[in-house]
Ligand code: MEV
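Printed below as a string of structure tokens:
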């Protein structure tokens, strides 16, 4: 049985590693060596990573790849992608190349509004609360002036604050629902600081409001926090071309391909089991760029999936149509991203990724991310509706197995030749390697 540990966070990094190695590993020296093998030889870089989180013991690598040839709104870009899944970068690159000769991607930011809420309980008369809010609304703005000053200089700030009666959902439940413009920052700190000040103002002002009796003064703020659901922070990415221009190696009959493709999207629009996997393919592209550019992929994931379920049923984020002989494929997703602040100024590889994208504004980054999602979705649906997904996947899978077994160059040539003609499965490759090595 493992023992609990007291004061772990106070131990030095070496002491933490030693404790873990002794407590959890049969050969502690091997575990220690492995963890240290992933330390960065540049002490400054290592210290930076150590300090991102608590109890850091080593670094956990994820490859950073690039997908070139993305023609977006008439300009070429190379998109950085941090992801562990094979095929994703290859698929993005293929889509980029395919669409670069068919007009490229068009991307537009539709709006950029962020949201935050103060959740509170109030047991008094609703009309008195409404009057209190109307009379004190300006105070919520003036009390946050020191927080909003810099953001206002950059053209952002608090857009509006509204009182919302949520007592139909929970007894006595109300909100201050605030909307924000945070320009090039994701804005989490800014929004949360404003909200905590709203909560303070709410508590203070209710105490001295002469129309309130004690029960009304006993307002209870439960929490103040931004929402990661941003349905008014939307970006659209689109590709389109005449159906006959879709023709290429795997698309011999473009009309048939376009129809099957549209059908595949319609299935994801109406069928949640398929919609989840369909959207997962979109997130392969979205998350990889979000991660490479130092943004919060958990926030993005949560917000996008909530948006996919906004009608009450989980559905496809992308849509497709054929109209007057033109094939159009597009998606709209909510994205709260930043290109200043947070990891964007701290992580050297994030800085490099952003520089590769020519130091985009948050709006431009929204466009890159949405395009990567659409490209990924196009690649997946093109495979699924033509050759099937396993063809390409298994080629990459074979490569991973060869790496796992540390196959040498001669073995690789023989194995790859064999599996051109035979189906790839983990066991078939392992058996073949075993036989070769006998
Ligand atoms: C695999 O990571 C993603 C796909 O399953 C997406 C899809 O099915 O559309 C290929």
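In this note's numbering, the protein residues as written are 1065 to 1502.
Glycine included, C-beta positions come from ideal geometry on N, C-alpha and C.
Extent of the continuous alpha helix (DSSP H) to which residue i belongs
{"i": "residue 1226", "result": "Unbroken run through residue 1226 is the beta strand (DSSP E), 1221-1229; no alpha helix (DSSP H)."}
{"i": "residue 1419", "result": "1412-1420"}
{"i": "residue 1328", "result": "1318-1334"}
{"i": "residue 1065", "result": "From DSSP, residue 1065 is part of no alpha helix (DSSP H); its letter is neither H nor E."}
{"i": "residue 1312", "result": "Counting along the chain, residue 1312 falls outside any alpha helix (DSSP H), and DSSP gives it neither H nor E."}
{"i": "residue 1194", "result": "1190-1207"}
{"i": "residue 1449", "result": "1426-1449"}
{"i": "residue 1155", "result": "1152-1164"}
{"i": "residue 1171", "result": "Taken as a continuous stretch (DSSP letters only), residue 1171 belongs to no alpha helix (DSSP H), being part of the beta strand (DSSP E) at 1170-1173."}
{"i": "residue 1276", "result": "Unbroken run through residue 1276: none, as it is neither H nor E."}
{"i": "residue 1362", "result": "1361-1372"}
DSSP beta-bridge partners of residue i
{"i": "residue 1129", "result": "1145"}
{"i": "residue 1140", "result": "1135"}
{"i": "residue 1249", "result": "1404"}
{"i": "residue 1291", "result": "1179"}
{"i": "residue 1285", "result": "1184"}
Run of the beta strand (DSSP E) containing residue i, from where it starts to where it stops
{"i": "residue 1244", "result": "1237-1245"}
{"i": "residue 1392", "result": "1390-1398"}
{"i": "residue 1183", "result": "1178-1185"}
{"i": "residue 1300", "result": "1298-1306"}
{"i": "residue 1385", "result": "1382-1387"}
Residue i Cβ short of 7 Å to the ligand ZN heavy atom set
{"i": "residue 1345", "result": "Of the ligands one can find in the structure shown, namely the ligand MEV, none is the ligand ZN."}
Subject >> Complete alpha helix (DSSP H) runs within the segment 1071-1137 (minimum length 4 residues, chain order) >> reply: Qualifying alpha helix (DSSP H) stretches, in chain order: 1077-1088, 1092-1101 and 1107-1116.
Original post:
Would the segment 1116-1129 and the segment 1327-1334 be scored as touching if the rule is three or more Cβ pairs under 8 Å?
Top reply: no
**OP:** Give a yes or no on contact between the segment 1478-1498 and the segment 1193-1207, applying the rule of three or more CB pairs nearer than 8 Å.
**Re:** no
Original post:
What runs of the alpha helix (DSSP H), each 4 residues or longer, lie entirely inside the segment 1456-1500?
Top reply: 1473-1485
Original post:
With a cut-off of 8 Å, do at least 3 Cβ pairs link the segment 1413-1421 to the segment 1369-1383?
Top reply: no
Subject >> Validate contact between the segment 1361-1372 and the segment 1272-1280 using beta carbons, cut 8 Å, 3 pairs >> reply: no
Subject >> Segment contact flag, the segment 1428-1435 with the segment 1133-1145, C-beta cutoff 8 Å, min 3 pairs >> reply: The answer is yes - the segment 1133-1145 touches the segment 1428-1435, with three or more Cβ pairs under 8 Å.
Original post:
Do the segment 1483-1492 and the segment 1451-1470 meet, that is, are 3 or more Cβ pairs less than 8 Å apart?
Top reply: Verdict: yes, contact present.
Original post:
If you pair each beta-carbon of the segment 1145-1153 with each one of the segment 1244-1264, do three or more pairs fall below 8 Å?
Top reply: no
**OP:** Kindly confirm or deny that the segment 1154-1167 and the segment 1222-1233 touch, where touching means at least three C-beta pairs closer than 8 Å.
**Re:** no
Original post:
Just checking, does the segment 1129-1136 make contact with the segment 1109-1116 on the three C-beta pairs under 8 Å criterion?
Top reply: Verdict: no, contact absent.
Original post:
How do the segment 1294-1306 and the segment 1384-1398 stand: do at least 3 beta-carbon pairs fall below 8 Å, yes or no?
Top reply: yes
Original post:
How do the segment 1252-1259 and the segment 1168-1186 stand: do at least 3 beta-carbon pairs fall below 8 Å, yes or no?
Top reply: yes
Original post:
Below 8 Å, can you find three or more Cβ-Cβ pairs linking the segment 1304-1311 to the segment 1346-1354?
Top reply: no
Subject >> contact_flag[the segment 1214-1231, the segment 1162-1173] where n(CB pairs < 8 Å) is 3 or more >> reply: no
Original post:
Can at least three beta-carbon pairs, one atom from the segment 1277-1297 and one from the segment 1182-1194, be found at a separation below 8 Å?
Top reply: yes
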